[in-house]
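Step one of this worksheet: look at the structure below.
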Amino acid sequence: MSSMSEDSNGVPRRKMTNTYTRQDLKNAINLIVERGISIRRAAYMCNVPRTTLATYLKSITHGKVSKLHPDEEQALYQWMTDCCKRGFSIKKRNVDTAAEALVQKSVPPRTHPFQDTDFGKQCYQKFVRRWLSIDRVKDRKHVGVVADWFLHIECFLTESNLFEILSSPNRIFLCDELRFRERVEMQEPVRAMLKKMTMLYTFSAAGEHLSPLLVYPYRRDVPPDIVKAAPKNCAIVAHEYGQVTPKTFAAYLDKVVDKFVTANNITKPVIIFVDESQVDLTLHLHNTCKRLGIVLLGLTAAHVVKPTANVFNDICAGWEQELPQFESQSGRSFTLADCAGLMQTVDQRYIKSDSAVKDETNGTTNETDRKSAHEGAQFTSNTDDEHEGPPDDIDISINFIDFKRAIGKELTEKFERKLETQNRLALTNHAENVLYDIYRQFRCDVVTDSDDDYDIVEIGDD
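Quick note on the UniProt record's numbering: the sequence shown kicks off at 1 and runs consecutively.
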C-alpha cells in the first residue's frame, strides 16, 4: 500500500507505507554478515530502510568490542603511571599491545576496545581521561629543563627507596644503540659496509662494558654461516630494519645483563638508563624488568647530552682503523659474517674504562645536579603520614597469599569491591588506604604477569 506526496519542489512522489518486521531486519543482517551482500541490496531485498539497517550494523559492531575488566584497567593504570615515573612517554600503540595481552588471558579470549576505528579511538580517549583523573600530576612524565628532569627522577627514586643505588657505581648501567648509518663523520667506505648494522652496548658506572647485542639486517633468522662465525659470549639477533624491539631488548636483559649481574654478585635492584626514543617500555618489557630486578629509566635529548658520545667516538675510530687492516691482512673483502669477531677486537682495543665512566656520569643524577636542581624547586610533603613507618634499610618480604591472610577476609572483600567499582568505594582511614595500595599492586602483578615467549637471541657460548 502506498500514497502520493509532494517533495519540496512540489513534484509528486510515491511514499512507501509498508512496515518491516524484526524478522525482516534479522534476515537483512544475515545476508550482509553471512553472504557478504551490500547494505543497499539487502535493504531492497528485505524491505528494510537502508539507514535503519546501517544504524543496526554500526551498533552491532560496537557491541562486539569488549570492555576491560576492573582489574585489567587497573593493571593498565599502574603500568602507564610507572612508565611516566621512569621518564617514558605513553604511546597508543603500546597501550593497544598491553590491552590485547591482558584480554587474551581471559577465557574465552576477547578483543580489546582500543581498535583502530573511530569508536576505538573514543574508547581510548575516555580511558586516558579516567587515568589522568586518578593519577597525580607529579607521577606523570615531567618535560622541562634539565633540572626538572633530575628532580623528577630523584623524587621517584626516593619514594621507591632506590636512591642509595646511585652511590654504588656497579649497580648503575647505561644502555644505548650504535647505529652506523647515523655516524656521518665516519669514512664513507667503512660506514657503507656497516650501514645496516646496529649494536646495542651496555656500560656500568664502574667502567665495565657488557657483551653487546648485534642486530643483523635480516627479516627472519640470522644465516647459519654468521651464527657459526660468531665468537663466544656474543648475542646476535635478526631484524629487517636493524631495530631493537622491546621483546628483543627484554631477551637481552634476561640473557646478557642479568647473567652479568648474577655472575659478579651485584646487589639487585640495578638501574639502567636508556634512550627513550629507542626503547618502548611495553607491558612485557616492564614485567621482565620487574622480574629481573631492573629499574629502567628513560633519557631524551631534552634532558642531557648523548650519554655515550665519547665511547662511541672511540668505537667508530676503531672500526676505521681495524676494518681496512682486516681486509689487507686477510686478502678478502669484509662481510657481515666477520662483523661479530672484528667487533670484539675493536671493543677490546678501543673501549676505555675512563670514557665509559665519563659518559655514565652524564646520564645519572650526580650530587652536583641534585644540588642545582634543589635550588630551583622545592617539594613539600602532602601529609605527615608519609614520613612515618619503619626505617628504609629494613627489608620486608611477603607474598600475596600471606598478605591477604594478614589483613583478613573482611578487608580483602572490601578491597575487591573497591577494584570492581573502579575506586568509587571510600575507605575508612589512612591505614586502609595504605593497605589498599599494597593490595592493588599485588593484584596488578598477578594480572600483568607475562608468559610471552622471548625473541630468540643466539648466544655463542653454550
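By construction, the Cβ of each residue, glycine as well, lies at the ideal position given by its N, Cα and C atoms.
Is the distance from the Cβ of residue 466 to the Cβ of P189 below 7 Å?
Missing from the structure shown is residue 466; the chain here goes from 1 to 462 and no further.
Assigned secondary structure, residue 476 (DSSP; H/G/I helix, E/B strand, else coil):
The structure shown has nothing for residue 476, since the chain only spans 1 to 462.
Can the beta-carbon of L299 be found less than 7 Å from the beta-carbon of D280?
Looking up residue 299 in the sequence shown gives position 299. Looking up residue 280 in the sequence shown gives position 280. Their beta carbons are not under 7 Å apart, which means L299 does not touch D280 by this criterion.
Excluding sequence positions up to five away, which residues of its chain have a Cβ less than 6 Å from the Cβ of Y20?
Counting from 1 along the sequence shown, the entry for residue 20 is found at position 20. Closer than 6 Å at the Cβ level, and outside the excluded window around Y20, lie N47 and V48.
Provide the residue span of the beta strand (DSSP E) that contains residue 473, from first to last.
Outside the displayed span of the chain (1 to 462) sits residue 473, for which this structure offers no information.
Let's test the definition: count the other Cβ atoms within 10 Å of the Cβ of V33 and tell me whether it reaches 16, buried, or not, exposed.
Within the sequence shown, residue 33 is the residue found at index 33, counting from 1. Its Cβ having fewer than 16 others within 10 Å, V33 is exposed.
E188, enclosing alpha helix (DSSP H) - first and last residue:
Reading the sequence shown from its first residue, position 188 is the one you call residue 188. First-last of the alpha helix (DSSP H) with E188: E188 to L194.
Rounded straight-line distance, which links the Cα of V103 to that of N310
Your numbering for residue 310 matches position 310 in the sequence shown. Your numbering for residue 103 matches position 103 in the sequence shown. So the alpha carbons of these two residues sit roughly 45 Å apart.
Note down the Cα distance separating N161 from V295, rounded to an integer number of angstroms.
Taking the first residue of the sequence shown as position 1, residue 161 is located at position 161. Taking the first residue of the sequence shown as position 1, residue 295 is located at position 295. Near 12 Å, if we compare the C-alpha coordinates of V295 and N161.
Using the rule of at least 16 other Cβ atoms within 10 Å of the residue's Cβ for burial, across every protein chain shown, is Q74 buried or exposed?
Locating residue 74 in the sequence shown gives position 74, where the first residue counts as 1. Label assigned to Q74: buried.
Need the endpoints of the beta strand (DSSP E) that G298 sits in, please.
Here residue 298 corresponds to residue number 298 of the sequence shown, with the count starting at 1. Residues I294 to L299.
If I'm right that I351 touches I315 with Cβ under 8 Å, what's the distance once you round it to whole angstroms?
Here the question's residue 351 lines up with position 351 in the sequence shown. Here the question's residue 315 lines up with position 315 in the sequence shown. Correct: roughly 7 Å between the Cβ atoms.
DSSP-derived helix/strand/coil call for E286:
Indexing the sequence shown from 1 puts residue 286 at position 286. Sequence check: residue 286 is His here, not Glu. Correct three-state label for H286: helix.
Where the alpha helix (DSSP H) containing C175 begins and where it ends:
The residue labelled residue 175 in the question sits at position 175 within the sequence shown. Element bounds for C175: not the alpha helix (DSSP H) but the beta strand (DSSP E), I172 to R179.
Local conformation of M197 per DSSP, three classes
As a position in the sequence shown, residue 197 is number 197, starting the count at 1. Looking at M197 - three-state DSSP - the assignment turns out to be coil, as it is neither helix nor strand.
In terms of residue numbering, what span does the alpha helix (DSSP H) encompassing V103 cover?
For the purposes of this step, residue 103 is taken as the residue at position 103 of the sequence shown. Segment K92 to Q104, the alpha helix (DSSP H) holding V103.
Nearest to T202 (by Cα), restricted to the options K259, E182 and R181
For this step, residue 202 is matched to residue 202 along the sequence shown. Checked all of K259, E182 and R181; the closest Cα to T202 is K259.
Pick helix, strand or coil for L157, following the three-state DSSP scheme.
Along the sequence shown, read from residue 1 onward, the residue named residue 157 stands at position 157. It is helical.
What does the Cβ neighbour count give for L132, buried or exposed, with the cut at 16 atoms within 10 Å?
Counted from its first residue, the sequence shown places residue 132 at position 132. Exposed, by the Cβ-count rule.
Given that a residue counts as buried once 16 or more other Cβ atoms are within 10 Å of its Cβ, and exposed if not, what is H284?
If you number the sequence shown from 1, residue 284 lands on position 284. Answer is buried; the Cβ neighbour count reaches 16.
Among the residues of its own chain, which have a CB less than 6 Å from the CB of G293, if the five just before and after it don't count?
The count along the sequence shown starts at 1 and reaches residue 293 at position 293. Answer for G293: K268 and P269, listed in chain order.
Where does T202 fall in DSSP's three states?
As a working mapping, residue 202 is identified with position 202 in the sequence shown. Correct three-state label for T202: strand.
Whole-number beta carbon distance between Q325 and P231, since they are thought to touch under 8 Å:
Sequence index remark: in the sequence shown, residue 231 carries index 231 (1-based). Sequence index remark: in the sequence shown, residue 325 carries index 325 (1-based). No, P231 and Q325 are not in contact; Cβ-Cβ is about 18 Å, not under 8 Å.
Residues in its own chain within less than 6 Å of P246 by CB, not counting five upstream and five downstream?
Here the question's residue 246 lines up with position 246 in the sequence shown. Same-chain partners within the cutoff: D280, T282 and L285.
Option in F156, E100, T412 and Q187 with minimal Cα separation from I271:
Translated into the one-based positions of the sequence shown, residue 271 becomes position 271. Among F156, E100, T412 and Q187, the Cα nearest to that of I271 belongs to F156.
Note the first and the last residue of the continuous beta strand (DSSP E) segment covering I236.
On the sequence shown, position 236 is the one that residue 236 refers to. Residues A235 to A238.
Which term fits T248, buried or exposed, when burial requires 16 or more other beta carbons within 10 angstroms of its beta carbon?
As a first step, residue 248 must be located in the sequence shown, where it is residue number 248. Classification of T248: buried, given that the 10 Å Cβ count is 16 or more.
So, under 8 Å CB-CB, G242 and M197 are touching, yes? Tell me the CB distance rounded to an integer number of Å.
Locating residue 242 in the sequence shown gives position 242, where the first residue counts as 1. Locating residue 197 in the sequence shown gives position 197, where the first residue counts as 1. About 7 Å; that satisfies the 8 Å criterion.
Under 7 Å, do F312 and L178 count as touching if we go by C-beta distance?
If you number the sequence shown from 1, residue 312 lands on position 312. If you number the sequence shown from 1, residue 178 lands on position 178. Yes, the pair counts as a contact, with Cβ atoms nearer than the cut-off.
Using the beta-carbon count (16 or more within 10 Å), is T288 buried or exposed?
For the purposes of this step, residue 288 is taken as the residue at position 288 of the sequence shown. Its Cβ being crowded by 16 or more others within 10 Å, T288 is buried.
Could you check how far apart the C-beta atoms of I153 and G207 are, in whole angstroms? I think they sit under 8 Å.
The residue given as residue 153 occupies position 153 in the sequence shown. The residue given as residue 207 occupies position 207 in the sequence shown. Contact flag wrong, Cβ pair sits at about 23 Å.
Quick check: A54 and I39, are their CB atoms within less than 7 Å of each other?
For this step, residue 54 is matched to residue 54 along the sequence shown. For this step, residue 39 is matched to residue 39 along the sequence shown. Result yes, Cβ atoms of A54 and I39 sit closer than 7 Å.
Between which two residues does the alpha helix (DSSP H) carrying A340 extend?
Numbered from its first residue, the sequence shown carries residue 340 at position 340. C339 to Y350 is the span of the alpha helix (DSSP H), which, as asked, contains A340.
For T19, does the three-state DSSP call read helix, strand or coil?
What you label residue 19 is simply residue 19 of the sequence shown in a count that begins at 1. Correct three-state label for T19: coil.
Give me the Cβ distance between R191 and F180, rounded to the nearest whole Å; I'm assuming they're in contact under 8 Å.
Locating residue 191 in the sequence shown gives position 191, counting from the first residue. Locating residue 180 in the sequence shown gives position 180, counting from the first residue. Indeed, because the Cβ distance is near 6 Å, the residues count as touching under 8 Å.
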